[in-house]
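So the number in the numbering used here is just where the residue sits in the sequence shown, counting from 1, plus 92. Where a beta carbon is used, it is the ideal one built from N, C-alpha and C, also for glycine.
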Amino acid sequence: MAEIKPIETAKEIGHKALKGSKWVLISTILSKSFQFLTTIILARLLLPADFGIIAISQIIIGIVSLFQDMGMTQALIQKKENIEESADTVFLFNIFWSLILYIALFIAAPYISSFFKNDEAVSVLRVLCLSFLFQPFNIISNSFMKRGFYFRSLLNITLLPIIFSGILSIILAYFGFGVWALVFGILTGNLLNTILGWLSISWRPAFKFNMGITKDMLNFGGAISMQNVIMWFENTFDDILVGRRLGTSLLGVYRLGFNIAVLPATQIAGSITDVVYSTFTKLQDDKKELKRFFLYIIKYVSLITFPIGVVIFSTAKIFIPVLLGNNWIHAVPVIQLVSLYGTIGSITFAIPTLCRAVGRPELFLRYLILLLFIIVPVYMYAVPYGLKAISMVHLIIAIVFLPYILSIGMRLLNINTFEIINALWVSIVISIIIGSFIYILNILLPFMAQFSNIINLIIIMSLAVFLYISLLYFISRETFLEFLKFIKIAAF
Numbered sequence: 093m094a095e096i097k098p099i100e101t102a103k104e105i106g107h108k109a110l111k112g113s114k115w116v117l118i119s120t121i122l123s124k125s126f127q128f129l130t131t132i133i134l135a136r137l138l139l140p141a142d143f144g145i146i147a148i149s150q151i152i153i154g155i156v157s158l159f160q161d162m163g164m165t166q167a168l169i170q171k172k173e174n175i176e177e178s179a180d181t182v183f184l185f186n187i188f189w190s191l192i193l194y195i196a197l198f199i200a201a202p203y204i205s206s207f208f209k210n211d212e213a214v215s216v217l218r219v220l221c222l223s224f225l226f227q228p229f230n231i232i233s234n235s236f237m238k239r240g241f242y243f244r245s246l247l248n249i250t251l252l253p254i255i256f257s258g259i260l261s262i263i264l265a266y267f268g269f270g271v272w273a274l275v276f277g278i279l280t281g282n283l284l285n286t287i288l289g290w291l292s293i294s295w296r297p298a299f300k301f302n303m304g305i306t307k308d309m310l311n312f313g314g315a316i317s318m319q320n321v322i323m324w325f326e327n328t329f330d331d332i333l334v335g336r337r338l339g340t341s342l343l344g345v346y347r348l349g350f351n352i353a354v355l356p357a358t359q360i361a362g363s364i365t366d367v368v369y370s371t372f373t374k375l376q377d378d379k380k381e382l383k384r385f386f387l388y389i390i391k392y393v394s395l396i397t398f399p400i401g402v403v404i405f406s407t408a409k410i411f412i413p414v415l416l417g418n419n420w421i422h423a424v425p426v427i428q429l430v431s432l433y434g435t436i437g438s439i440t441f442a443i444p445t446l447c448r449a450v451g452r453p454e455l456f457l458r459y460l461i462l463l464l465f466i467i468v469p470v471y472m473y474a475v476p477y478g479l480k481a482i483s484m485v486h487l488i489i490a491i492v493f494l495p496y497i498l499s500i501g502m503r504l505l506n507i508n509t510f511e512i513i514n515a516l517w518v519s520i521v522i523s524i525i526i527g528s529f530i531y532i533l534n535i536l537l538p539f540m541a542q543f544s545n546i547i548n549l550i551i552i553m554s555l556a557v558f559l560y561i562s563l564l565y566f567i568s569r570e571t572f573l574e575f576l577k578f579i580k581i582a583a584f
């Protein structure tokens with residue numbers, strides 16, 4: 093059973109962060125690899141419209157989930173006293189609040205489906221929203237394990253439901269259940285995740301409610317919740333427009349392509365957000381260690397995400413027909429452009445986490461509000477021109493706002509431009525060389541016509557991995573050895 097233990101020194105915090113990152117990365121690699129494989133199989137068994145209906149439901153579930161949590165998960169992680177009583181209060185509050193949200197969505201489902209011009213989404217949304225009733229249990233188990241860096245326990249809790257959910261969806265899709273194969277798979281996975289999480293902690297509710305604690309935690313979570321709502325809108329407004337203006341089928345293509353593109357980049361970075369936040373909160377009073385940890389994070393995350401983003405961009409035209417089939421060929425430009433957008437996002441993911449950890453969430457909130465006023469009219473203008481146009485907008489906005497969002501972290505930690513460049517230059521150089529190498533191979537593909545596309549893809553990927561390892565060793569042997577050192581610390 094997971095318990096909360098104090099973490100004292102910066103060195104101990106660093107070691108726990110590395111070990112926590114190890115288990116999170118293992119979980120991410122295994123779960124995302126399995127999800128990717130599952131997606132490939134389901135894409136061949138189901139239609140784009142089926143994925144579009146699920147995307148509609150997830151749009152609505154996403155926004156309601158933000159109001160359901162109210163920032164309480166992170167408030168409970170940061171809590172330094174009255175932890176047991178706070179957990180009890182959060183649990184009872186969320187049981188009541190989750191039930192209200194589910195009833196509201198059950199009633200609103202027909203109107204939401206009418207907006208997207210898809211009647212089948214009514215029943216799908218009502219069934220998927222049952223997962224709201226699991227949330228009070230998830231908030232407590234996740235908060236307790238993240239507080240104590242019990243990310244190894246989270247490995248099984250995360251991985252097993254994903255595997256079970258994927259296998260169930262594939263079986264149901266094979267037997268002709270259509271969109272319901274995805275619905276039952278998702279819901280069953282969420283239920284299993286809740287059960288495993290609840291069994292992994294020793295805490296049990298005493299059913300005591302403290303209104304004072306509720307107010308304090310809602311005050312802390314208010315700014316975070318507002319950030320999450322704005323971020324959700326900015327990340328989902330394009331889905332709403334595509335579903336409304338271009339139809340459910342193209343929404344399915346767009347959402348699947350988007351998910352594949354960001355899977356290796358932002359998902360790798362995003363997967364360790366909980367470790368990073370837990371570490372930032374422990375180091376918030378030691379600005380020197382906080383700065384060092386921040387720079388290490390963007391350096392070693394970029395060493396993984398930059399090359400992967402370039403490889404996805406360069407090989408999308410090959411692997412989409414090979415893996416998903418020709419029905420999904422319209423996802424190619426989405427994947428290419430969004431992969432670069434995701435790559436940029438992988439080095440800025442720690443900024444909002446940093447702002448929250450040091451008690452300055454308003455800094456990132458200002459950025460989000462500015463971004464909101466820009467993307468709404470731009471997205472509305474771009475969507476009628478198709479999926480490629482809206483994907484290009486994502487990339488352009490990410491490039492334009494990169495200096496601004498980085499400057500937030502730089503000001504908080506007194507980081508200069510040279511230190512950022514020093515953290516990223518190896519990743520940038522390696523990515524440029526690998527991208528150029530794959531570009532040349534693509535030119536030579538007509539001479540490789542005697543091989544199948546899947547053989548060509550395997551050849552390109554194998555050469556890219558070999559080139560990456562070689563470049564990392566010869567360009568910056570110090571980084572290569574330091575990388576191995578961190579892996580050794582995390583492993584043992």
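Please report the straight-line C-alpha distance between residue i and residue j, rounded to a whole angstrom.
| i | j | result |
| --- | --- | --- |
| residue 333 | residue 198 | 23 Å |
| residue 503 | residue 125 | 37 Å |
| residue 137 | residue 266 | 7 Å |
| residue 474 | residue 341 | 18 Å |
| residue 449 | residue 548 | 46 Å |
| residue 371 | residue 383 | 12 Å |
| residue 467 | residue 294 | 45 Å |
| residue 533 | residue 552 | 7 Å |
| residue 41 | residue 331 | The first residue shown for the chain is 93 and the last is 584, placing residue 41 beyond what the model contains. |
| residue 430 | residue 463 | 18 Å |
| residue 320 | residue 550 | 39 Å |
| residue 183 | residue 416 | 42 Å |
| residue 153 | residue 193 | 10 Å |
| residue 214 | residue 527 | 45 Å |
| residue 500 | residue 456 | 7 Å |
| residue 483 | residue 425 | 8 Å |
| residue 297 | residue 226 | 15 Å |
| residue 420 | residue 512 | 38 Å |
| residue 509 | residue 273 | 50 Å |
| residue 546 | residue 139 | 23 Å |
| residue 339 | residue 567 | 48 Å |
| residue 201 | residue 131 | 26 Å |
| residue 493 | residue 350 | 20 Å |
| residue 453 | residue 418 | 45 Å |
| residue 335 | residue 208 | 6 Å |
Spatial neighbours of residue i within its chain, please: CB distance less than 6 Å, with the 5 preceding and 5 following residues excluded, ordered by chain position.
| i | result |
| --- | --- |
| residue 495 | none |
| residue 253 | 281, 284, 285 |
| residue 569 | none |
| residue 187 | 228 |
| residue 232 | 179, 183 |
| residue 221 | 194, 197 |
| residue 352 | 427 |
Among residues of its own chain, excluding the 5 on either side of residue i, which ones have a beta-carbon nearer than 7 Å to its beta-carbon?
| i | result |
| --- | --- |
| residue 249 | 285, 288, 289, 292 |
| residue 123 | 250, 251, 254 |
| residue 485 | 470, 471, 474 |
| residue 446 | 372, 386, 501, 504 |
Is the distance from the Cβ of residue i to the Cβ of residue j below 9 Å?
| i | j | result |
| --- | --- | --- |
| residue 146 | residue 278 | yes |
| residue 134 | residue 262 | yes |
| residue 190 | residue 224 | yes |
| residue 401 | residue 141 | no |
| residue 432 | residue 487 | yes |
| residue 479 | residue 322 | no |
Going by Cα to Cα distance, which pick from the options is closest to residue i?
| i | options | result |
| --- | --- | --- |
| residue 559 | 530, 549, 220 | 530 |
| residue 525 | 569, 546, 556 | 556 |
| residue 444 | 123, 471, 329, 368 | 368 |
| residue 405 | 394, 427, 343 | 427 |
| residue 218 | 204, 408, 326 | 204 |
| residue 180 | 273, 434, 465, 303 | 303 |
| residue 148 | 329, 184, 177, 389 | 329 |
| residue 326 | 351, 550, 421, 465 | 465 |
| residue 389 | 355, 276, 439, 151 | 439 |
| residue 434 | 385, 195, 477, 403 | 403 |
| residue 299 | 211, 573, 201, 177 | 177 |
Quick check on the burial criterion: 16 or more other C-beta atoms within 10 angstroms. Buried or exposed for residue i?
| i | result |
| --- | --- |
| residue 399 | buried |
| residue 458 | exposed |
| residue 347 | buried |
| residue 423 | buried |
| residue 129 | exposed |
| residue 196 | exposed |
Got a sec? Which residues, its chain only, sit under 8 Å from residue i by beta carbon, not counting five neighbours each side?
| i | result |
| --- | --- |
| residue 395 | 518, 519, 522, 564, 571, 575 |
| residue 301 | 180, 181, 184, 185 |
| residue 507 | 383, 386, 387, 501 |
| residue 318 | 457 |
| residue 212 | 145, 205, 271 |
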